[in-house]
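Please read the structure below before turning to the comments.
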Amino acid sequence: MVERPNTDEYGAFYEGYIRLVPEGNIIERLELQANIVPTLLSSLTEEQANYRYDEGKWSVKEVIGHLLDNERIMSSRLLRIARGDKTNHPGYDQDVLMQSHPFNAYTLADLSEEYAVTRRSTILMLRRLTPEAWLCRGLVSENPASTRSIAYVMAGHELHHLSVLRDRYSLDLKF
């Protein structure tokens, strides 16, 4: 089992996400989470999925789109670090990414399929990492980052946004 990362394996700004992840196997955690978003999307109408709880806030579809963007970026970082790449991986501006891609134009089925395929790809990659690869370290935004810390950040980041969807969008989510 991959142990929870130590605080010297990630930048302090990731602490909140990592803290959200329950104890246990991180791959199993990501597999459990893999069912939440498709189940949520299948329960919504297009009108509900385009809902924003306040002006200037993302729609439900855009929140899921952000989860997709983040998972792809974090998976790329994780892969490179696990393979020994010591290059600094720069941060990204989530708002720029959201402004330039029309997630609201996606159908719920398309968004669900893209989420499922993206998460499946991440899980398959993680399952094949060697014990040594999980401990590899690199840099993200000039801060230390281990392979295992990035996996925990992915899980915690999604848990954070699922909480937002439950609490601010009043969606019936259990996780």
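Here the sequence shown is numbered in the working numbering, starting from 66 and rising by one per residue.
Just so it is clear, CB atoms sit at the ideal spot from N, CA and C, and this is done for glycine as well.
Under a three-way DSSP split, which group does residue i fall into?
i	result
F240	coil
L132	helix
P103	helix
D73	helix
S228	helix
V125	helix
G81	helix
G89	coil
R137	helix
E68	coil
L97	helix
R233	helix
E120	coil
Going by CA-CA distance only, name the one from the options that's closest to residue i.
i	options	result
S140	E178, W199, Q113 and D160	W199
I92	H226, M190, S235 and L204	M190
R202	L224, T72 and G149	G149
M219	A99, K126 and L238	A99
F78	S214, Y234 and L230	S214
V161	P209, H131 and R84	H131
A216	S228, I101 and R145	R145
L133	E179, D158 and L143	E179
F168	Y116, L194, E197 and Y157	Y116
E68	H166, M163 and P196	P196
K122	T183, V229 and K239	V229
N135	K239, R231, T183 and F240	T183
D175	K151, I129 and I188	I129
Skipping 5 residues on each side, what residues in its chain have a beta carbon closer than 6 Å to that of residue i?
i	result
D237	none
M66	N90
R233	Y118
P103	S177 and A181
L143	T212 and I215
Given that a residue counts as buried once 16 or more other Cβ atoms are within 10 Å of its Cβ, and exposed if not, what is residue i?
i	result
V125	buried
P70	buried
A170	exposed
G81	exposed
A192	Reading the sequence as shown, one finds Arg at residue 192 and not Ala. Under this definition R192 is an exposed residue.
S211	buried
H225	exposed
R137	exposed
Go through its chain and collect everything with a Cβ distance to residue i's Cβ below 7 Å, but skip five positions before and after it.
i	result
N153	L204 and E207
L173	L106, L109, E111 and A114
Is residue i near the ligand HEM, going by C-beta to nearest heavy atom under 7 Å?
i	result
E207	The ligand HEM is absent from the structure shown, which contains no ligand whatsoever.
Under 8 Å Cβ to Cβ from residue i, same chain only, skipping five residues before and after it: list those, please.
i	result
R44	No statement about residue 44 is possible, as the shown extent of the chain runs from 66 to 240 and does not include it.
D73	P209
Determine, for residue i, whether the minimum Cβ-Cβ distance to residues of chain D falls below 8 Å.
i	result
T152	You won't find chain D in this structure, because it holds only one protein chain.
Q) Mind pulling the beta strand (DSSP E) runs of 3 or more residues that sit fully within the region 139-219? A) 202-205 and 208-211
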